[in-house]
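The numbering of the sequence shown is full-length UniProt numbering, which starts it at 1 and goes up by one.
What follows is a short report on a single structure.
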Amino acid sequence: MYNIKFNYEYDRKIRVGFIGCGAHAFRNVYPTFDYAPIDLVAVCDLNAERAEIYRKRFGAEKAYTSHMEMLKKEQLDAVFVVLNFDQNGHPLYPKIVPDILAAGLPVWIEKPVAYTAEEAERLLELEDKSGQFVLVANKRYFYPTFEKARQIIDRPEFGEAVSINGRYPLTLSPFQPEINTRTGLHWFLDICHPMSGIHYLMGDVKEMCFIEHQPSGNVQTLLKFKSGAIGSLQLSSTQAETSPLERFEVIGDKQNVVIDNAARLIYYKGKKGSGEYGKAPIYIGDDPADGPVIWEPEYSLGQIYNKNLLLQGMVQSVNYFATHVLEGKKITRSTLKDSVHLTRIFDAYKKRSDQWITIE
1 MYNIKFNYEY DRKIRVGFIG CGAHAFRNVY PTFDYAPIDL VAVCDLNAER AEIYRKRFGA
61 EKAYTSHMEM LKKEQLDAVF VVLNFDQNGH PLYPKIVPDI LAAGLPVWIE KPVAYTAEEA
121 ERLLELEDKS GQFVLVANKR YFYPTFEKAR QIIDRPEFGE AVSINGRYPL TLSPFQPEIN
181 TRTGLHWFLD ICHPMSGIHY LMGDVKEMCF IEHQPSGNVQ TLLKFKSGAI GSLQLSSTQA
241 ETSPLERFEV IGDKQNVVID NAARLIYYKG KKGSGEYGKA PIYIGDDPAD GPVIWEPEYS
301 LGQIYNKNLL LQGMVQSVNY FATHVLEGKK ITRSTLKDSV HLTRIFDAYK KRSDQWITIE
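Below, the structure is given as structure tokens:
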């Protein structure tokens, strides 16, 4: 158990520059600095007026319209980058991150990292040569529910995690045989959301096979993991907007753990009441304390754990990054290497369905 510190409570902070002054960053990234050892030195955006607004709003010293000028003039310890997509719907990080690594700085970026695994792999090579590190903010590596589910899975009594099933709403565009790929995949880049959660809980995917329903874009995917475990992922394109967005369940040895709607964690264990089939008088276990455990937030108290910034792991991600920069240590979670693996899975969905695809 630990307490979050407020920004003013830290004795040591990292000096950061921030590239990107958009709505997502305003809602979900800049506000996390209230709970992290970060001194926001400068902001940068192509729109000078927008950059100045963000400078004033979040207390930075300088505003820039050129990230290269910011990197040259400011004494920074790290850089945050939150960008939109280019005119083709492709992430812009492969164009910006190399400049930051060349400047000898670690970088925190939003996901998705790239449109192709080849682009992501080139960034990985640059990261290795620079000696710095890139954290790609796939949130499910830091969701409280996923962190605690992983803690349960790692318990000896849970046994081996042998299978997982997940559900998440995404739409896959039809395969186009004339060009041997798919187009219109801008929003399907969000496959990194469910797959990062699955990756955090189960490890690397070895092979996958998916089938699709068109024109609805619904998908069912079978997964084989390098650990030997198996899994499935339903991409429920046409589920109701009022439905819980996502659900994941991991099966162990007579135990299982469920993450429902991102914020509800259920740990199933124990046995039902004793008695032979057809004659058992009670459904509650002989040891009623050894049974299912359900965790979900209450929204009555003025606790920070009720904030979306913490429920979705954004504060935790930023804190993890900043702490490692302060301590001069490399990160081991939500790494660029993890995102290369996720991008290879995205690439696999560009292919024709109904075949087993190796993820290397």
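Backbone N, C-alpha and C fix where the C-beta goes; we use that ideal spot for every residue, glycine too.
Note that this is a predicted model, so its numbers are computed, not measured.
- Counting the other CB atoms within 10 Å of its CB gives V293 a total below 16, which places it among the exposed residues.
- Distances from the alpha-carbon of T32 to those of F58, E49, I53 put F58 closest.
- Contact between the stretch 38 to 57 and the stretch 101 to 121 is absent: fewer than three C-beta pairs spanning the two stretches fall below 8 angstroms.
- Boundaries of the alpha helix (DSSP H) around I345: 336 to 349.
- Beta-bridge analysis with DSSP links I259 to F248, L265.
- Taking the Cα positions, S243 is about 18 angstroms away from Q312.
- One alpha carbon belongs to E119, the other to P98, and they sit about 11 angstroms apart.
- Scanning S237, V257, L101, Q87 for the CA closest to the CA of N165 turns up V257.
- L76 is positioned such that its CB atom lies closer than 8 angstroms to that of L105.
- Approximately 12 angstroms separates the beta-carbon atoms of V107 and G20; this is outside 8 angstroms, ruling out the contact.
- The C-alpha of S196 is placed about 10 angstroms away from the C-alpha of D190.
- Contact check for L233 against K148 fails: the beta carbons are separated by 8 angstroms or more.
- The beta-carbon separation of G270 and G252, rounded to 13 angstroms, does not stay under the 8 angstroms limit for a contact.
- Residue burial annotation: E212 is buried, with at least 16 other C-beta atoms found within 10 angstroms of its C-beta.
- Within the stretch 170 to 232, the runs of alpha helix (DSSP H) that reach at least 4 residues and sit entirely inside it are, in chain order, 192 to 202.
- Distance check between H90 and each of D11, Y35, Y115, N47 places Y115 closest, using alpha-carbon atoms only.
- When DSSP states are grouped into helix, strand and coil, V82 belongs to the coil group.
- In this structure the stretch 138 to 155 does not lie against the stretch 166 to 173, because fewer than three pairs of beta carbons, one per stretch, are closer than 8 angstroms.
- Under the three-state reduction of DSSP, E360 is assigned to coil, being neither helix nor strand.
- For the 8 angstroms CB-CB criterion, A42 and M70 form a contact.
- Inclusion of V205 and F225 in the CB contact set at 8 angstroms is warranted, their separation being smaller than that value.
- For D39, there is no enclosing alpha helix (DSSP H); the enclosing beta strand (DSSP E) covers residues 38 to 44.
- In this structure the stretch 154 to 161 does not touch the stretch 308 to 322; the number of beta carbon pairs closer than 8 angstroms is below three.
- Contiguous alpha helix (DSSP H) elements confined to the stretch 93 to 178 occur at 93 to 102, 117 to 130, 144 to 153, taking only those with 4 or more residues.
- C-alpha of F321 to C-alpha of K272: approximately 44 angstroms in a straight line.
- Residue nearest to M208 within the set I4, A23, Y349 is Y349 (criterion: CA-CA distance).
- With a beta-carbon spacing of about 14 angstroms, S334 and V29 fall beyond the 8 angstroms limit used to define contacts.
- Look at K62 here: in three-state DSSP terms it is strand.
- For the pair G275 and P281, the Cα-to-Cα distance works out to about 7 angstroms.
- DSSP, reduced to helix, strand and coil, places I53 within a helical segment of the structure shown.
- One Cα belongs to D34, the other to F26, and the distance between them is close to 13 angstroms.
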